[in-house]
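In the numbering used here, the protein residues as written are 20 to 372.
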């Protein structure tokens, strides 16, 4: 399906504590126990997807932890590239990192000339050290900036095709004043290294050039979301950046899910412990459909329980999934939509199967 993506949380351990992430919430159940996704489970999953002919637009190696902390992250990353080279399971492969562990060894592993499109998102969110400390929860600003700058220099020196770097800035009331300087900083860094670059908002555009990327903050309440929508929209207008999908600033955000949510079809999320749920918003894993250490991906994602959920959600019935009933993210700029004809095609496929 267009916009589909498979998320693998290689670990829920992190070197930072960003204010917009559950890592910063003391006692959050998702981080009560921490660990690493077993590389053998990942490799088994890739084999299964290839054997059954499944495809996703994107593989995302990240959820609520720093992927480069995983002691076997190189094996997982290179395993994804090899699996996709044998049979195109994923349209592209992404890794999201805060840059704290982006050392010379990681850079050597990352840069390549492979046939599979690859993207590395660097989560930065600030242009000044004091703001970085407030947003990210740790004083790692200089280290991270230096790590990523060296990555760009090496990419330019080697003229490496992949990965495509994305410098991410989640715009909020706590950092909006730094949008122009952040843009200037990373555009200039790329140009010095001879790496083509442009800036974009809300969606990362197609291509291979580096992107200075501004995205919207997702909030815990509809009222906060409405305020942050306005802040984001006005900041992007000042930068002259197009916003293809954003609520107008005067519009309230409904605190109720009124339509079928694409997560039940398009965005399987595998936690570090093997639990499979339906979207990255579900950090309490209330919508878990099972565990990959116990059952196959095929059995879980296209099994009876998940198909029954889809039938209810297709009617807009969230009575058995209360987390979704009050979700307003489908009206966020960060949401991947699903059309009625996509649901109809899936329903027909399910019936034929």
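Where is the CB? At the ideal position from N, CA and C, for every residue including glycine.
Where residue i sits in the DSSP three-state scheme
i	result
residue 103	helix
residue 110	strand
residue 137	strand
residue 304	coil
residue 63	helix
residue 183	strand
residue 24	strand
residue 115	strand
residue 78	strand
residue 98	helix
residue 131	strand
residue 214	coil
residue 357	coil
residue 367	helix
residue 320	helix
residue 147	coil
residue 83	coil
residue 225	coil
residue 208	helix
Backbone CA spacing between residue i and residue j [nearest angstrom]
i	j	result
residue 306	residue 212	45 Å
residue 80	residue 303	19 Å
residue 326	residue 318	11 Å
residue 221	residue 233	6 Å
residue 203	residue 107	36 Å
residue 256	residue 244	18 Å
residue 295	residue 258	39 Å
residue 314	residue 205	44 Å
residue 309	residue 172	44 Å
residue 59	residue 98	10 Å
residue 102	residue 196	43 Å
residue 365	residue 72	15 Å
residue 208	residue 158	22 Å
residue 3	residue 323	Here the chain comprises residues numbered 20 to 372, so residue 3 is not present and cannot be evaluated.
residue 299	residue 50	15 Å
residue 25	residue 311	14 Å
residue 137	residue 126	14 Å
residue 75	residue 92	21 Å
residue 269	residue 150	Confidence is the limiting factor: at residue 269 the pLDDT is only 44, short of 50, which leaves the residue's position unreliable and the question unanswerable from this model.
residue 43	residue 180	35 Å
residue 182	residue 116	13 Å
residue 100	residue 124	18 Å
residue 316	residue 61	11 Å
residue 217	residue 141	15 Å
residue 248	residue 20	27 Å
Distance between beta carbons of residue j and residue i, contact taken as under 8 Å
i	j	result
residue 235	residue 190	7 Å
residue 143	residue 174	So it is not a contact: roughly 17 Å between Cβ atoms.
residue 357	residue 281	4 Å
residue 152	residue 160	7 Å
residue 283	residue 332	5 Å
residue 10	residue 64	Given that the chain is displayed from residue 20 to residue 372, the structure contains no residue 10 and the question cannot be resolved.
residue 156	residue 36	3 Å
residue 83	residue 41	6 Å
Beta-carbon gap between residue i and residue j smaller than 9 Å
i	j	result
residue 194	residue 188	yes
residue 291	residue 28	yes
residue 38	residue 154	yes
residue 359	residue 57	no
residue 139	residue 114	yes
residue 120	residue 164	no
residue 262	residue 252	yes
residue 200	residue 146	yes
residue 250	residue 192	yes
residue 227	residue 239	no
residue 345	residue 276	yes
residue 184	residue 254	no
residue 32	residue 45	no
residue 23	residue 285	yes
residue 328	residue 340	yes
residue 321	residue 369	yes
Residues bridged to residue i [DSSP beta-bridge criterion]
i	result
residue 220	233
residue 189	234
residue 142	187
residue 38	Residue 38 pairs with nothing; no bridge assigned.
residue 296	288
residue 249	For residue 249, which the question treats as bridged, DSSP gives no partner whatsoever.
residue 310	294
residue 30	55
The ligand GDP heavy atom lying under 8 Å from the CB of residue i
i	result
residue 280	Absence of the ligand GDP is noted for the structure shown, with no ligands found whatsoever.
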